[in-house]
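Trainee: Residue numbers (this note's numbering): 7 to 633. The beta-carbon is built from N, C-alpha and C at its ideal position, and this holds for glycine as well. This is the structure I have questions about; it appears just below.
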């Protein structure tokens, strides 16, 4: 028996090693991601089989040692040999106990580190991958199927052989044998699906296996932690800590049925597993699962395209038709696959700075406060040769010229609509990213050819139209099958880091403009007043001229009339002229009358100064009482 178990352990080790090497070589030949991950599982199984085989050897040596000592005890009755210590009497048992106490936990720690490191490295390796390619994929799939068959036959024998309690140490390697068989079959399916047109099937299977490897690492860590607090019972067989229950469960799924039956028996208090219904369910479980899989595949034969969508029907990875909204029948998955696209919906992406959600929803967004990840774009400047003043204390040679470009942070939303779904789907692997790259390229080219102040102010709408035409031309040249509906420059500003300095410049410009406007106001006021004064002086001079001319004309006319009057009555005219002149001469002088005394006339004069008329103006007489 001891030779049989050791031979079986050695067979498990050699089969795992040989199939693992063959699986790894096939994976490199076929460029199979799933095959590469499966070979890592087989490599871990080789380590587990090696340690379990060594532990089996130690257990067999202990059993043979116990048999020899029992034989001696029966033959001699009592001997001094049995009065020594256990270390001297049972060296094989002591070696086995030391191995299980120190080496097994240490190996489990190493196994956990290997599983975790392998999962992390494989995930980093698979993350940037898109699809794989397999030369002679059918040959590679056949090799994987053969490897899986060998592992399955040897694994089933090892599992059946390990069900004996004395052979329990064969279970870890047996579990990896069966798990390796299923993984090889899975790798063969992945390579076959890739050859059938499902290019990403092998990659997705590989990523799923990497996730499973990470779960195995967590299980190994949990087993290490539980081993610390496990109660020790002397003489009771202990399950090796490096033995994965998850691997055993995946390698022997029929154990789930046995566990479920035992659980039901315990819960209900009678042998549920002996009832006819349970026996029927156990016998028909496979057919029921196949029926469910069949129903699931039949459900993939019907597809409904929503309004506003168009879909592409692929058969074995090749496009065969374009589906409009409505219901359609197709072959089951994975033979036929449907890819949907929103052809009537206007889609959107942003070139440059995409606002943060909470800042984008606010009413006021200040460009002096960061509201997203900034991408700086170069913009031309009309100030091509402005000299920057040298630093204080520096020589004249340190003066430099400012470059004829500036930095600008833009947020340019681009709205587009898919017009040709076949061109959109098959022109590029990622057409949305290609369109984004084309838009970014055109934005960069456009901004370096326009002026900063112009594109930030009056030229913003014209810039949006120009960019829309440029992006549309670039997309048409690449045959993307899209219509660029709108390009807007909704958020354009200098970088936030220069906000304070830019505000100083803007403030200086505004102050200068205010002073210019104030000077213009003073100039307008002064010129207007000067023009009004000039008009006033001119009009006054014109009035004086007219007055003098009219006066001269009047005097000339008066002189002519005076000649006629003088000729008509010279005495009266002279006397009247004398009196008129005398009246005008003495009009403003005080007059005194000297009268004669030889007359009887009484003349009264009031010689008091009269009140001026301007003092009497505004006075109202007192009301008159009519009574």
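1. Write down the C-beta distance between residue 98 and residue 121 rounded to the nearest angstrom, noting that I regard them as a contact closer than 8 Å.
2. I'd like the span of the alpha helix (DSSP H) that includes residue 439, first residue to last.
3. Contact between the segment 437 to 455 and the segment 466 to 481 is defined here as three or more beta-carbon pairs at a separation below 8 Å; is this criterion met?
4. Give me whichever residues DSSP pairs with residue 311 in a beta bridge.
5. So, using beta-carbon positions, are residue 96 and residue 75 closer together than 9 Å?
6. DSSP three-state call for residue 364: helix, strand or coil?
7. Less than 9 Å separating the beta-carbons of residue 176 and residue 14?
8. Tell me the DSSP secondary structure of residue 342 in three-state form.
9. Provide the residue span of the alpha helix (DSSP H) that contains residue 217, from first to last.
10. Would a C-beta distance cut-off of 9 Å place residue 353 and residue 424 closer than the cut-off?
11. Would you call residue 567 buried or exposed, if buried means 16 or more other Cβ atoms sit within 10 Å of its Cβ?
12. From residue 324 to residue 345, what does the alpha carbon distance come to, in whole angstroms?
13. Residue 478 lies in the beta strand (DSSP E); which residues open and close that run?
14. If I'm right that residue 16 touches residue 59 with Cβ under 8 Å, what's the distance once you round it to whole angstroms?
15. Using C-beta distances below 8 Å, list every residue in its chain close to residue 64, excluding the 5 sequence neighbours before and after it, in chain order.
16. Within this structure, are the beta carbons of residue 18 and residue 160 separated by less than 9 Å?
17. Would you mind sorting residue 578 into buried or exposed? The rule is 16 or more other CB atoms within 10 Å of its CB.
18. Would you kindly work out how many angstroms separate the C-alpha atoms of residue 364 and residue 472, rounded to a whole number?
19. For a test of the three-state rule: what should DSSP assign to residue 575, helix, strand or coil?
20. Where do the N-terminal and C-terminal ends of the beta strand (DSSP E) with residue 492 fall, by residue?
21. Does the separation of the CB atoms of residue 27 and residue 156 fall below 9 Å?
22. Is the separation between the beta-carbon of residue 182 and that of residue 57 shorter than 9 Å?
23. Along the alpha helix (DSSP H) that carries residue 113, what are the first and last residues, could you check?
24. Quick one: grab the DSSP three-state call for residue 204.
25. Let me know the secondary structure DSSP gives residue 565 once reduced to three states.
26. Per the DSSP calculation, residue 16 is bridged to which residue(s)?
27. Could you pull the start and end residues of the beta strand (DSSP E) that residue 353 belongs to?
28. Per DSSP, which residues does residue 149 bridge with? Please list them.
29. Where does residue 158 sit, in a helix, a strand or coil, going by DSSP?
30. Distance, Cα to Cα, residue 529 vs residue 453?
31. Assign residue 327 to one of three DSSP states: helix, strand, or coil.
32. Express the C-alpha separation of residue 342 and residue 331 in angstroms, rounding to a whole number.
33. DSSP three-state call for residue 102: helix, strand or coil?
34. So, are the CB atoms of residue 125 and residue 219 less than 9 Å apart?
35. Once you ignore the five residues that flank residue 34 on each side, which residues in its own chain have a CB closer than 6 Å to its CB?
36. Near residue 639, what residues of its chain come up, given a Cβ to Cβ distance below 6 Å and the 5 sequence neighbours on each side ignored?
Mentor: Straight from the coordinates:
1. For the purposes of this step, residue 98 is identified with residue 92 of the chain shown, where counting begins at 1. For the purposes of this step, residue 121 is identified with residue 115 of the chain shown, where counting begins at 1. Not quite, the Cβ-Cβ distance comes to about 32 Å (not below 8 Å), so this is no contact.
2. As a working note, residue 439 is residue 433 in the chain shown. It spans 437 to 453 - the alpha helix (DSSP H) in which residue 439 sits, taken as one unbroken run.
3. yes
4. For the purposes of this step, residue 311 is taken as the residue at position 305 of the chain shown. Residue 311 is bridged to 332.
5. Within the chain shown, numbered from 1, the residue matching residue 96 stands at position 90. Within the chain shown, numbered from 1, the residue matching residue 75 stands at position 69. Contact: yes.
6. Stepping through the chain shown from its first residue, residue 364 is reached at position 358. Confidence is the limiting factor: at residue 364 the pLDDT is only 42, short of 50, which leaves the residue's position unreliable, though a coordinate-based value still follows. In this structure, residue 364 counts as helix in the three-state DSSP scheme.
7. Mapped onto the chain shown, residue 176 falls at position 170. Mapped onto the chain shown, residue 14 falls at position 8. Yes, they are a contact pair.
8. Residue numbering aside, residue 342 sits at position 336 when the chain shown is read from its first letter. Residue 342: strand per DSSP, three-state reduction.
9. On the chain shown, residue 217 is found 211 positions in, with the first residue counted as 1. Element bounds for residue 217: 207 to 235.
10. Position 347 of the chain shown, counted from the first residue, corresponds to residue 353. Position 418 of the chain shown, counted from the first residue, corresponds to residue 424. Yes.
11. Taking the chain shown and counting its residues from 1, the one referred to as residue 567 is at position 561. Exposed.
12. What you label residue 324 is simply residue 318 of the chain shown in a count that begins at 1. What you label residue 345 is simply residue 339 of the chain shown in a count that begins at 1. Cα to Cα, the separation comes out at about 12 Å.
13. One-based indexing of the chain shown puts residue 478 at position 472. Per DSSP, residue 478 belongs to no beta strand (DSSP E); it is in the alpha helix (DSSP H), 466 to 483.
14. On the chain shown, position 10 is the one that residue 16 refers to. On the chain shown, position 53 is the one that residue 59 refers to. About 6 Å separates the two Cβ atoms, so the contact holds.
15. Locating residue 64 in the chain shown gives position 58, counting from the first residue. Non-local C-beta neighbours of residue 64 in its own chain, meaning closer than 8 Å and more than five positions away in sequence, comprise 98, 101, 102 and 105, ordered along the chain.
16. By 1-based counting over the chain shown, the position of residue 18 is 12. By 1-based counting over the chain shown, the position of residue 160 is 154. Yes, they are a contact pair.
17. For this step, residue 578 is matched to residue 572 along the chain shown. Counting Cβ neighbours within 10 Å, residue 578 comes out exposed, since fewer than 16 surround it.
18. Start at 1 with the first residue of the chain shown, and residue 364 comes out as number 358. Start at 1 with the first residue of the chain shown, and residue 472 comes out as number 466. Bear in mind that the predicted position of residue 364 carries a pLDDT of just 42, short of 50, making it too unreliable to give a figure here.
19. Position 569 of the chain shown, counting from 1, holds the residue named residue 575. Collapsing the DSSP output to three states places residue 575 in coil.
20. Position 486 of the chain shown, counted from the start, is the residue given in the question as residue 492. From DSSP, the beta strand (DSSP E) with residue 492 extends over 488 to 493.
21. Sequence index remark: in the chain shown, residue 27 carries index 21 (1-based). Sequence index remark: in the chain shown, residue 156 carries index 150 (1-based). No; because the gap between Cβ atoms is not below 9 Å, this pair is not in contact.
22. As a position in the chain shown, residue 182 is number 176, starting the count at 1. As a position in the chain shown, residue 57 is number 51, starting the count at 1. In terms of Cβ geometry, residue 182 and residue 57 do not form a close pair [threshold 9 Å].
23. Locating residue 113 in the chain shown gives position 107, counting from the first residue. Counting along the chain, the alpha helix (DSSP H) containing residue 113 begins and ends at 110 to 132.
24. Here residue 204 is taken as the residue at index 198 of the chain shown, counted from 1. Residue state for residue 204 is assigned as coil, using DSSP reduced to three classes.
25. One-based indexing of the chain shown puts residue 565 at position 559. Residue 565: helix per DSSP, three-state reduction.
26. Position 10 of the chain shown, counted from the first residue, corresponds to residue 16. Partner(s): none; residue 16 has no beta bridge.
27. One-based indexing of the chain shown puts residue 353 at position 347. Unbroken beta strand (DSSP E) run through residue 353: 353 to 358.
28. Taking the first residue of the chain shown as 1, we reach residue 149 at position 143. Per DSSP, none; premise fails for residue 149.
29. By one-based count along the chain shown, residue 158 stands at place 152. In the structure shown, residue 158 sits in a helix (DSSP, three-state: H, G or I).
30. Within the chain shown, the letter at position 523 stands for residue 529. Within the chain shown, the letter at position 447 stands for residue 453. Answer to the nearest angstrom: the Cα atoms are 40 Å apart.
31. In the chain shown, the residue the question calls residue 327 occupies position 321. Three-state result, residue 327: strand.
32. The residue labelled residue 331 in the question sits at position 325 within the chain shown. The residue labelled residue 342 in the question sits at position 336 within the chain shown. About 18 Å.
33. For the purposes of this step, residue 102 is identified with residue 96 of the chain shown, where counting begins at 1. DSSP places residue 102 in helix when its eight states are reduced to three.
34. Residue numbering aside, residue 125 sits at position 119 when the chain shown is read from its first letter. Residue numbering aside, residue 219 sits at position 213 when the chain shown is read from its first letter. A Cβ-Cβ contact shorter than 9 Å links residue 125 with residue 219.
35. Within the chain shown, residue 34 is the residue found at index 28, counting from 1. Once the five neighbours on either side are set aside, residue 34 has no close Cβ partner at all.
36. Because the chain here runs from 7 to 633, residue 639 falls outside it and cannot be looked at.
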